[in-house]
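Protein chains in written order, with the numbering used here: chain A, 14 to 103; chain B, 3 to 481; chain C, 15 to 360.
Beta carbons: idealized from backbone N, C-alpha and C, even for Gly.
Just so you know, these numbers come straight off a predicted model, no measurement behind them.
This report refers to the structure that appears directly beneath it.
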Amino acid sequence: MHISNSSLRLLKAVYPLEAVRAAVLSISINTSCQIEADGDYWIVVVKDAKESIENSELLRRIDEFVLRKKLEERFASERDAIFSLAFGKD
Amino acid sequence: MLENQNANTQKQSAYTLMPFSFELLSSGDYFLSGLAGDFAFLSKNDFYALVSDSLVIGSKAFIELEAKKLITRGKAAARMMTASALLSRKMFTFSGPRLHIVVMTRGCNSHCDYCHASSYSPGEKAPQMTIDIAKSVAKAIMSSPSREITVEFQGGEPVLSWDTVRFMIEYMRMLNIKAAKQISFVLCTNLLMLNQEMVEYISKRGIEVSTSLDGPADLHDRHRHFPLASAHELFIKNLQFLESETSKKASPLLTVTRTNLFQLRRVIDHYIELGRNGIFIRPLNLFGRAALDNTLGYSAEEFIEAYIDALEYILEINKRGIEFREFMAALLLRRILTPFDDGFVDLKFPAGAGLSVLVYDVNGDVYPSDEARMMAASGDTRLKMGNVQQMSLKDIRNSEIARSIFKSSIPWLIPGCSSCPYSPYCGVDPIRVYSETGDFMPFSESSECQKNRTILRWLFDKLRKADQNTERILYSWIA
Amino acid sequence: MRAEQDFYVGKVRAIKNGIITLASKGASKKRIPFSAERPVSIENGDIVLLTETDDVHVLWRSHSKDNVIIITNACNQMCRYCPQPRTADTFSNVAINRALLSNLEKKDISFVTITGGEPTLMHSALIDLLKQLLKKNPLASIALLTNGMEFDDMSFAYEIVKAGKSQTRICVSLHSDSPFIHDSITGVPGSFERTALGLLNLHRTGADIELRVVLNRLNFERLPDIAFSIGMNFPFVSHVAFMGLELHATAAYNAKEVWVDPPAYMNQLKRAIYQLQCRKIPSSIYNLPYCLVSKSLWAYMRDSISGWKKTFLPLCDSCLMKATCPGLFMTSIFQSPSIRPIKTIL
Numbered sequence: 014m015h016i017s018n019s020s021l022r023l024l025k026a027v028y029p030l031e032a033v034r035a036a037v038l039s040i041s042i043n044t045s046c047q048i049e050a051d052g053d054y055w056i057v058v059v060k061d062a063k064e065s066i067e068n069s070e071l072l073r074r075i076d077e078f079v080l081r082k083k084l085e086e087r088f089a090s091e092r093d094a095i096f097s098l099a100f101g102k103d
Numbered sequence: 003m004l005e006n007q008n009a010n011t012q013k014q015s016a017y018t019l020m021p022f023s024f025e026l027l028s029s030g031d032y033f034l035s036g037l038a039g040d041f042a043f044l045s046k047n048d049f050y051a052l053v054s055d056s057l058v059i060g061s062k063a064f065i066e067l068e069a070k071k072l073i074t075r076g077k078a079a080a081r082m083m084t085a086s087a088l089l090s091r092k093m094f095t096f097s098g099p100r101l102h103i104v105v106m107t108r109g110c111n112s113h114c115d116y117c118h119a120s121s122y123s124p125g126e127k128a129p130q131m132t133i134d135i136a137k138s139v140a141k142a143i144m145s146s147p148s149r150e151i152t153v154e155f156q157g158g159e160p161v162l163s164w165d166t167v168r169f170m171i172e173y174m175r176m177l178n179i180k181a182a183k184q185i186s187f188v189l190c191t192n193l194l195m196l197n198q199e200m201v202e203y204i205s206k207r208g209i210e211v212s213t214s215l216d217g218p219a220d221l222h223d224r225h226r227h228f229p230l231a232s233a234h235e236l237f238i239k240n241l242q243f244l245e246s247e248t249s250k251k252a253s254p255l256l257t258v259t260r261t262n263l264f265q266l267r268r269v270i271d272h273y274i275e276l277g278r279n280g281i282f283i284r285p286l287n288l289f290g291r292a293a294l295d296n297t298l299g300y301s302a303e304e305f306i307e308a309y310i311d312a313l314e315y316i317l318e319i320n321k322r323g324i325e326f327r328e329f330m331a332a333l334l335l336r337r338i339l340t341p342f343d344d345g346f347v348d349l350k351f352p353a354g355a356g357l358s359v360l361v362y363d364v365n366g367d368v369y370p371s372d373e374a375r376m377m378a379a380s381g382d383t384r385l386k387m388g389n390v391q392q393m394s395l396k397d398i399r400n401s402e403i404a405r406s407i408f409k410s411s412i413p414w415l416i417p418g419c420s421s422c423p424y425s426p427y428c429g430v431d432p433i434r435v436y437s438e439t440g441d442f443m444p445f446s447e448s449s450e451c452q453k454n455r456t457i458l459r460w461l462f463d464k465l466r467k468a469d470q471n472t473e474r475i476l477y478s479w480i481a
Numbered sequence: 015m016r017a018e019q020d021f022y023v024g025k026v027r028a029i030k031n032g033i034i035t036l037a038s039k040g041a042s043k044k045r046i047p048f049s050a051e052r053p054v055s056i057e058n059g060d061i062v063l064l065t066e067t068d069d070v071h072v073l074w075r076s077h078s079k080d081n082v083i084i085i086t087n088a089c090n091q092m093c094r095y096c097p098q099p100r101t102a103d104t105f106s107n108v109a110i111n112r113a114l115l116s117n118l119e120k121k122d123i124s125f126v127t128i129t130g131g132e133p134t135l136m137h138s139a140l141i142d143l144l145k146q147l148l149k150k151n152p153l154a155s156i157a158l159l160t161n162g163m164e165f166d167d168m169s170f171a172y173e174i175v176k177a178g179k180s181q182t183r184i185c186v187s188l189h190s191d192s193p194f195i196h197d198s199i200t201g202v203p204g205s206f207e208r209t210a211l212g213l214l215n216l217h218r219t220g221a222d223i224e225l226r227v228v229l230n231r232l233n234f235e236r237l238p239d240i241a242f243s244i245g246m247n248f249p250f251v252s253h254v255a256f257m258g259l260e261l262h263a264t265a266a267y268n269a270k271e272v273w274v275d276p277p278a279y280m281n282q283l284k285r286a287i288y289q290l291q292c293r294k295i296p297s298s299i300y301n302l303p304y305c306l307v308s309k310s311l312w313a314y315m316r317d318s319i320s321g322w323k324k325t326f327l328p329l330c331d332s333c334l335m336k337a338t339c340p341g342l343f344m345t346s347i348f349q350s351p352s353i354r355p356i357k358t359i360l
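Have a look at this one:
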């Protein structure tokens, strides 16, 4: 079992807590992740990850999660328009 | 680093993004798909440009994305086309159950180590469907709103109830004079008990035969046991007997166990020797007898590796000029390359169980899938939808169970699936999830999901990198 | 029939002793001398237009499957490779067509193509024309050539499909799967959008639809993508026609931009046609000669160039396939340098 001791310092304004948690969980369900608040930052410590994970990859996953959330909000009305065109008033 | 993520601030853009999901591939490129299955590959830079609204109009990436309706300058056409394709894929949701699996008897003439469908030994007296119940089942089936109906006779071994099978077919044909549906019949049989009269009737009524072949004799007979002879030898003999009389070729499917998992190439060679034009490589269902035996099972990773090796082998065979396809891969390719629905109910969003397929047990009880029926046989009757002699099909379809399954299989509501770019081509089986977790809600860390995603990734990669010859072969599989 | 304008439209009743006799509904017979200056091919039963300056134009050829009714010269696009000279409509166009129609009998109208310019610009006149043709011959096969934009109006689509019944095939030009490239070819921003909506509307009203893709330098690289897009977005079409280029008028003017030697796109064309075949969408190749088309695609070729437009090069005389070859456009300003006689079919 690989142990990763990634530790990151992330700006709270840019990286919401749920994004961080979701990204860490995407590594594996059993990954232990400690997130502490430090002023404007989160300190994220990842241990016991199923795969050995680089800081850059962890950061990338957090970024991706944030992007997905933003796109989801952006797409919401267009999706609804397409659904109602396709399925009627479903 | 994903900089410039001002996807939230809608800049005054010359084009709009249409809804899509994405993932980063191991190659470093991005894979995107739209709501209705339009897809594209993008370099990292192009992807960043896309999500930061800074694509250059007329650039290669712009042209490709606009052609795929992932971005658009006008709204109406892209919307209409996407909606149209989406409806085409999901039409089955509104059509009513199309596949009706009828269990004629719990008895069987063989004993297969991995079987989940019969717990009776050959020769043992087992419950059979009575004529009375057969009539009720037939009437229920005909009351389905679907214009196209497929009736699949299963068991145990349905030919043990051959008279009832014949009765049902004739009875439904009579009912259909008024209903005017397109009905097709499938007989799922091990072909070990076949006589002239059966063969003539099968030919006369154009019945499709679905059967099992696990490989050459040593592999087939290892787990499929017929008391009187080598199952394989008798199977081959009867297959040839059947095909000498009928015009339709039987398509055998392969049940993968640990025994043949690492010898799939041998199995494929055997299928080709027998003049088959394809194979359906079906992973083991961990139920019934199979659950009792650890020597049969294997991990998802093991299956995926062997399956992909088999696909590579089949591609090589095609390159030598032999027409041969794997039916599951062909089905997925059709989902990738066309906007059409197919009859494969086990992998759909929303789930086919209870919606597109119904299973009628020997006593007229109705289940959303075969697995649900088998779970009931093992004691968990929560999944029973009703009984044809007590309820109308309409009420059966509206049962609590059916609605729970439906609600748990809407891709846009399942975390993991809602952001997965493979969801337009994929599906779930909440019954399978229930059997593993006690809950209907699928989860993306399941081995099912892992398997489906890996296979779809492989197919997309093959399509993307295909030279002209490979492209021809892949396209020939959807025809 | 004599209208206010000074022209005469009549049917050829006799060609004898160097004199063509024309008869017309509601007007007197005319006799015109048959000389070397007259068009060479005039046959009995043809319908001919005689202008006041004594020019003779054949409006309709009896026994031909290639008859065309040009309902307007106006167009709402400016395609880079349009082979139709851009001229203004004259009031006599409508009158001439009326006269033509009145001289047509049931047996004359087996096959007719309605084109322009852009015929759908004529709205109610087009609807009338369809109705009249089918009134004369309910079994007529009609092809309507269009860019499809006007069909983004659902009620118009409905009216046309109703008038054309099951006898009319609506042939819509599609230049690319990419709206960007399609619009740059038509010269009209938003044209792809309108055509796509038009196609969806036509499908909803039950029309019989064909797509026409003109093969040229601007779109040949994406031919397989075009096939893919048709399969995903317009899988309901009955047929796809891949058309060789007629290097005439605007096309000739833009030759450098639009012309590409057909052998250069054969691979892409093969891929596109095979894709469509696997999707069960039939396709054909129009307007190309055998020597420029890969042998594996010969089965898809159609003899589509109108007899009176068709020509061959002198070197074609020694070609084994000449007798059934679709030939070349007489109207093209130049021909492919790759044309050569086929000496062996192996």
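Item	Value
Opposing strand residues paired with E224(C) [DSSP bridges]	C185(C) and H253(C)
C46(A) (DSSP reduced to helix, strand or coil)	strand
For Q47(A) and A85(B), the rounded distance between their alpha carbons	44 Å
Residue environment, E402(B), which counts as buried when at least 16 other CB atoms sit within 10 Å	exposed
DSSP state of K13(B) mapped onto helix, strand, coil	Bear in mind that a pLDDT of 46 at K13(B), under 50, signals an unreliable position, so the number given afterwards is only what the model happens to contain. Coil.
W273(C) in three-state terms, based on DSSP	coil
Reference F248(C); option with closest CA among A221(C), N230(C), A266(C) and E132(C)	A221(C)
Test item: CB-CB of T219(C) and V175(C) under 7 Å	yes
Beta-ladder partner(s) of D367(B), from DSSP	N389(B)
Residue from S380(B), K350(B), L395(B) and Y315(B) with nearest C-alpha to G366(B)	L395(B)
Counted within 10 angstroms of its Cβ, other Cβ atoms place E303(B) as buried (16 or more) or exposed	exposed
Rounded C-alpha distance that separates V254(C) from S243(C)	12 Å
Residues that Q91(C) bridges to, as DSSP identifies them	According to DSSP, Q91(C) bridges with nothing at all.
Closer than 7 Å at the beta carbon, the chain B residues around A99(A)	A85, L88 and L89
For P351(C), the three-state DSSP class (helix, strand or coil)	coil
Helix, strand or coil at S212(B) according to DSSP, with G and I counted as helix	strand
Delimiting residues of the alpha helix (DSSP H) encompassing K92(B)	A78 to K92
Cβ-Cβ separation, I480(B) to L313(B) (assumed contact under 8 Å), whole Å	Contact doesn't hold; Cβ gap of about 15 Å is too wide.
Residue span of the alpha helix (DSSP H) that contains G212(C), given as start and end	S205 to R218
Chain C within 7 Å of M82(B), Cβ atoms only	yes
is_contact[R92(A), chain B] using C-beta, thresh 7 Å	yes
C-beta contact flag for G59(C) and G76(B) at 7 Å	no
Cβ of A374(B) within 7 Å of any chain C Cβ	no
Rounded C-alpha distance that separates S446(B) from S205(B)	45 Å
Same chain only: Cβ atoms within 7 Å of R22(A), ignoring 5 sequence neighbours per side	Y54 and I56
Alpha-carbon to alpha-carbon, I61(C) and N111(C)	11 Å
C-beta neighbour in chain A for A292(B), strict 7 Å	Model confidence at A292(B) stands at a pLDDT of 49, short of 50, so the residue's coordinates are unreliable; what they give is reported in the following sentence. Output row for A292(B): interface = no.
DSSP three-state assignment for G429(B), whether helix, strand or coil	coil
Continuous beta strand (DSSP E) stretch holding A42(B): start and end	F41 to L44
G24(C) - DSSP class collapsed to helix/strand/coil	strand
Residue-level contact to chain B via CB, M280(C), 7 Å cutoff	no
Cα-Cα separation, C305(C) to K324(C)	16 Å
For G101(A), three-class secondary structure by DSSP	coil
Short CB-CB distance (under 7 Å) between L37(B) and chain A	yes
Rounded separation between M82(B) and S90(A) - CA only	15 Å
Outcome for G217(B) when other beta-carbon atoms lying within 10 angstroms are tallied against a minimum of 16	buried
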